[in-house]
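Enquirer:
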Amino acid sequence: MPGDTAGGAVKVVLTSPRVAPGLLTRAAWQAFSEADAIGAAQPPAGGPTLRPDVQALVGSGLVVTQVEGEVSEHWAWLSEAAAAGQRVAWLVGEDGEPGLLRVVADQVSREPRPPYQVEILHGSYDVPGARLIDLVRVMDRLRRNCPWDQEQTHESLAKYLLEETYETLEAIDTGDRAHLREELGDILLQVAFHSRIAEEDPDEGYSIDDVAGDIVEKLVRRHPHVFGTVVAADAAAVEANWETIKAVEKQRTSVLEGVPQAMPALALADKVLGRAAMLIPAGAQLAEPATDAGRIGRQLLDLVRESRTLGIDAEQALRTTIHHLADEIRTAESGGG
Numbered sequence: 029m030p031g032d033t034a035g036g037a038v039k040v041v042l043t044s045p046r047v048a049p050g051l052l053t054r055a056a057w058q059a060f061s062e063a064d065a066i067g068a069a070q071p072p073a074g075g076p077t078l079r080p081d082v083q084a085l086v087g088s089g090l091v092v093t094q095v096e097g098e099v100s101e102h103w104a105w106l107s108e109a110a111a112a113g114q115r116v117a118w119l120v121g122e123d124g125e126p127g128l129l130r131v132v133a134d135q136v137s138r139e140p141r142p143p144y145q146v147e148i149l150h151g152s153y154d155v156p157g158a159r160l161i162d163l164v165r166v167m168d169r170l171r172r173n174c175p176w177d178q179e180q181t182h183e184s185l186a187k188y189l190l191e192e193t194y195e196t197l198e199a200i201d202t203g204d205r206a207h208l209r210e211e212l213g214d215i216l217l218q219v220a221f222h223s224r225i226a227e228e229d230p231d232e233g234y235s236i237d238d239v240a241g242d243i244v245e246k247l248v249r250r251h252p253h254v255f256g257t258v259v260a261a262d263a264a265a266v267e268a269n270w271e272t273i274k275a276v277e278k279q280r281t282s283v284l285e286g287v288p289q290a291m292p293a294l295a296l297a298d299k300v301l302g303r304a305a306m307l308i309p310a311g312a313q314l315a316e317p318a319t320d321a322g323r324i325g326r327q328l329l330d331l332v333r334e335s336r337t338l339g340i341d342a343e344q345a346l347r348t349t350i351h352h353l354a355d356e357i358r359t360a361e362s363g364g365g
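The opening residue of the sequence shown carries number 29 in my numbering; numbering runs sequentially from there.
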């Protein structure tokens, strides 16, 4: 396949490991189709004889040479063919082959330039949510190979889920967006971890795909104003639709079923008042409390009811006020008050 030196070219094609092999851009398929030779790194010993992405090209009728050795051998194969006037394309592996890319970048920027063209193409791009695939892969590897991760159960992880939830709330309270991003990642890890553990149940196992599938179906089902023909004029109508659909699905005998009693008291009060709104009129009076504790409890309940009327989250309002108090205490401790 000789050609004139001036016609030689190297095209390095990057692909995302989170996109199915063979789902390539038009530019990538054109580069491979027009190439005189296509190369890819030889898979590690003991692995499959053909990488999945290489299989996709071979299945399309293209010939791919799997080049042995390290980066230097890979670049030598490319540069020698290009210097001889060939158009060569290289399919980068799922690790991104950073060593080869450094060599390519050096060749592009060096002087004098090589007597052939060097180009990097993006053959596929991540879609939104693609990095979640990485999380699933990493979690699977940890579960198989890390002694600590192997020992964990739903029960042993419960405390971490609670801790991460409170840390996430703290990040929201402080307005620290970088901190919130980190804590959301920790919450996501808990979901992935519990789902990975659940896969191992021999009788009632399920995967993170099942978890994701369930919530997608629920969201679609409970948003008929988005995915169906129901009309919802405002947020209140959306919430009412949600509760109506939920009641039909759950077939509960009490409006209080499903309310976690371990919730913080103010949040629990808000939840109970919301569930009971259709049964107990807003102005209804309960029996007078007989103790001081009962009186204080009633007053707190009345404050939560008032908060609901004003559209205020009582739990969050108290948390914010406590944070302000803590700031004043620290200021006084430092002599600034």
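No residue lacks a Cβ here, since even glycine has one placed at the ideal position from N, Cα and C.
For Val86, name the three-state secondary structure that DSSP assigns.
Expert: If DSSP states are grouped into helix, strand and coil, Val86 belongs with the helices.
Enquirer: Distance, Cα to Cα, Asp168 vs Arg224?
Expert: 7 Å
Enquirer: Tell me, please, which residues DSSP counts as bridged to Arg115.
Expert: Paired residue(s): Ala37.
Enquirer: Reducing DSSP to helix, strand and coil, say where Asp340 ends up.
Expert: The displayed chain sequence assigns Ile, not Asp, to residue 340. Coil, per DSSP.
Enquirer: Could you tell me whether the Cβ atoms of Tyr194 and Ala37 are closer together than 8 Å?
Expert: no
Enquirer: Could you have a look at Gln180 and say whether DSSP puts it in helix, strand or coil?
Expert: coil
Enquirer: Hey, could you find the ends of the beta strand (DSSP E) Ala65 is sitting in?
Expert: 65-69 is the span of the beta strand (DSSP E), which, as asked, contains Ala65.
Enquirer: Roughly how many angstroms lie between the CA atoms of Met29 and Arg115, to the nearest whole one?
Expert: Residue confidence for Met29 is low, a pLDDT of 37 falling below 50, so the modelled location carries little weight; the figure read from the coordinates is stated next. About 10 Å.
Enquirer: Considering only residues of the segment 157-228, which uninterrupted alpha helix (DSSP H) runs meet the minimum length of 4 residues and lie entirely inside it, listed in chain order?
Expert: Taking only runs of at least 4 residues, the alpha helix (DSSP H) segments lying wholly in the segment 157-228 are 159-173, 175-179, 182-202, 205-226.
Enquirer: Among Leu185, Gly203, Leu247, which has the Cα closest to the Cα of Ala220?
Expert: Leu185
Enquirer: Would you call the CB atoms of Val40 and Ile66 closer than 8 Å?
Expert: Contact: no.
Enquirer: Is the beta carbon of Pro142 less than 8 Å from the beta carbon of Ser100?
Expert: no
Enquirer: Could you have a look at His352 and say whether DSSP puts it in helix, strand or coil?
Expert: helix
Enquirer: For the candidate residues Gln279, Asp154, Glu271, Gly74, whose alpha-carbon lies nearest to that of Ala305?
Expert: Glu271
Enquirer: What three-state label does DSSP hand Glu267 in the structure shown?
Expert: Under the three-state reduction of DSSP output, Glu267 falls in the helix class.
Enquirer: Using a Cβ-Cβ cutoff of less than 6 Å, which residues in the same chain neighbour Pro80 once the five nearest sequence positions on both sides are dropped?
Expert: Pro49
Enquirer: On a CA-only basis, which of Leu328, Glu267, Thr196, Pro292 is nearest Gly302? Give me that one, please.
Expert: Nearest Cα to Gly302 within the set Leu328, Glu267, Thr196, Pro292: Glu267.
Enquirer: Among the candidates Gln70, Gly75, Val120, Val47, whose CA atom is the shortest distance from the CA of Phe60?
Expert: Taking only the C-alpha atoms, the option nearest Phe60 is Val120.
Enquirer: Determine the closest residue to His351 out of Glu125, Asp162, Gly203, with distance taken between C-alpha atoms.
Expert: Gly203
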